[in-house]
Amino acid sequence: MSADLALINGNILTMCRSTPRAEAIAIKGEQIIKVGTTREVILLIDNNTKVIQLEGKTVIPGFIDTHIHVTDFGRLLLWLNLNNCKSIKDLQNILKKKIMKISPSKWILGRGWNDTLFVPKKFPTRFDLDLVAPENPVVFYHHSGKFCLVNSKALEFAKITRQTTILSTEGIIGKNPITGDPTGILKGKAMDFIWKSIPEPAPDDLLELTKLACSKIVETGITSIHWMVLTPIELSIIKKLSHNLLPLRIYVVIPFEIWKKELGHNLQFNLQKNSLRIGAIEISADGYLANKTAALFYPYRDEFKSTGKLLYTQDCLNSSVIEILQSGFQLIIHAMGDKAVEAALISIEKVTNKIQETRIRLEQAALLNKNLLERMKRQKTMVSVQPCVINSEFKTWSAIDNLGQTRARWLFPLRTLIDNDILLLGGSDCPMEPINPFLGIQTIVNKQYFIEEAINITEALTMYTINAAYSTKEENCKGSIEAGKLADLAVLSEDPTKISSNKIEGIIVTTTIIGGKIVYSG
Ligand SMILES: [Zn+2]
């Protein structure tokens, strides 16, 4: 049998325990037919074989991103990137360029500005934006995501005036202390006034943006995704995408409440073998640490002594879990606070005989303790982790201040989880966090907070490859480079296991291959 595609003279990181390294790969159709030395693979080459000379480059199994919001990512690709702005002038210059390309009254969105980088040190107001954009509503989100700067036109669209108020516990509408006029800075829930005023793109535009997002995703070496659906409109987008050949492999995760509403209506899909599966239903036991809605046993260390809250009673969670499992879908429980993790485990323990079969996954399982850890181990629950979120919880949300040192020690204890044989899965949470898997990997290999919970590079790669494949019962067809598996591969500029751990994020993906087809070449 001759190969359609052969990759030779390379450094293949197979992620397969028995033979972790090889030199060459032969592919026929969408499958790998041989992994071995260049000499062995050359025997499978004939005139019709396309040959890629790797020249020592590293190949890994295509990444599986287990947590991504694709349509939102697409939406965000239209936003202005303000990360590199070093002054108010820079913000204005970027805005000026954009204004020239669009019609008046069209919204302009951007994110990433950071006033601490500004020279001279000056906090922007709406008037700085008005100078350049008097006709278009403009919203620029701060890099922390905690507040935004808007211009006068945006305030007008959102009907925010001197008289508009909000509870101080929920948010702040920045106002001039003398005149009472809004300054254009909106914090916390005050940002919702603006968010609600921004028009939703038309369905066809959303479909195009989603396709654009998919093409950006494969550029990072990601070949499979777990698409965490947020709104019903995404189900119709996935349906439309499925009418053609899909740009990458998609495992769809539907929130419980949407699933209940859409049951039988919007769930008829053109499923494609190995490429599109409606796989899991996710039920949320609580909210998020960042807005203090994650359910805790003991209060947050804020002035309100709040503990967050569970979104379901225990009985309701129990019956919903049974309903999901009986439907045949994979069960995912989002549980961020320790109290929510316990509620999830109580439900899981009640259906314990089905655990082995269904591969239950906890989303986040952020705040833990010894007892919860033991119970997770016993139930063999997997934990889905988004490494860049970990960094944000500590850095942007100041987890140590908000939880206290002792509890923060048990926030995302990855080393401890692995040492207790709990399977970890890796994802980006893009667009809340950057898509680049190497950024996530560097974050957990090179942990800034509680360094004793760092993991090694191979363990981190495992989260995004073979573990992620196992989580959806696809360990026999993907997640490692072995004969018989799908030829989903990423060619890298460097070997992540050989470079310094603070250089991992700089690794470049030069080629992405899905099912034996080159889908990206940089
Ligand atoms: Zn998410």
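My numbering puts the first residue of the sequence shown at 12, with every later residue one more than the last.
Glycine included, each C-beta is placed from N, C-alpha and C at the ideal position.
Fair warning: this is a prediction, and the values are worked out from it, not measured in the lab.
Check	Outcome
Buried or exposed by the 16-neighbour rule on C-beta atoms within 10 Å, applied to E360	exposed
Residues sharing a beta bridge with P72, DSSP	L500
Buried or exposed by the 16-neighbour rule on C-beta atoms within 10 Å, applied to I433	buried
Whether A501 touches G490 by CB criterion (8 Å)	no
Neighbourhood of N447 by C-beta, 6 Å cutoff - its chain only, sequence neighbours within 5 removed	T231
Where K514 falls, given that 16 or more other Cβ within 10 Å makes a residue buried	exposed
Proximal residues to K388 (C-beta, below 7 Å), its chain only, five neighbours per side dropped	N431, D432 and I433
Status (buried if at least 16 other CB within 10 Å, exposed otherwise) for H237	buried
Heavy atom of ligand 1 within 7 Å of M239 beta-carbon	yes
L322 versus A354 - alpha carbon distance	10 Å
Paired residues, beta bridge with I184 - DSSP	L197
Ligand 1 heavy atom lying under 7 Å from the CB of M202	no
Opening and closing residue of the alpha helix (DSSP H) in which L414 lies	A410 to L414
Pick from K107, L252 and V394 that is closest to H78, judged by C-alpha positions	V394
D76 beta carbon near ligand 1 (any heavy atom closer than 7 Å)	no
Among C225, R420, P145 and K97, the one whose alpha carbon lies nearest that of T523	C225
Same chain only: Cβ atoms within 6 Å of I519, ignoring 5 sequence neighbours per side	S504
V263, buried or exposed, once every other Cβ within 10 Å from all chains shown has been counted against 16	buried
Beta-carbon gap between V62 and A33 smaller than 8 Å	no
G185 vs L197 beta-carbon contact at 8 Å	yes
Check whether A410 and L259 have beta carbons under 8 Å apart	no
Per DSSP, the bridge partner or partners of A35	G47
M443 CB to nearest heavy atom of ligand 1 below 7 Å	yes
Residue range of the alpha helix (DSSP H) that includes Y475	I468 to Y475
G121, enclosing beta strand (DSSP E) - first and last residue	I119 to W124
Residue nearest to E211 in terms of C-alpha spacing, selected from R86, S114 and N302	R86
For W421, three-class secondary structure by DSSP	coil
Backbone secondary structure at G490 - three-state DSSP	coil
Proximity of L435 and N478 at Cβ, strictly below 8 Å	yes
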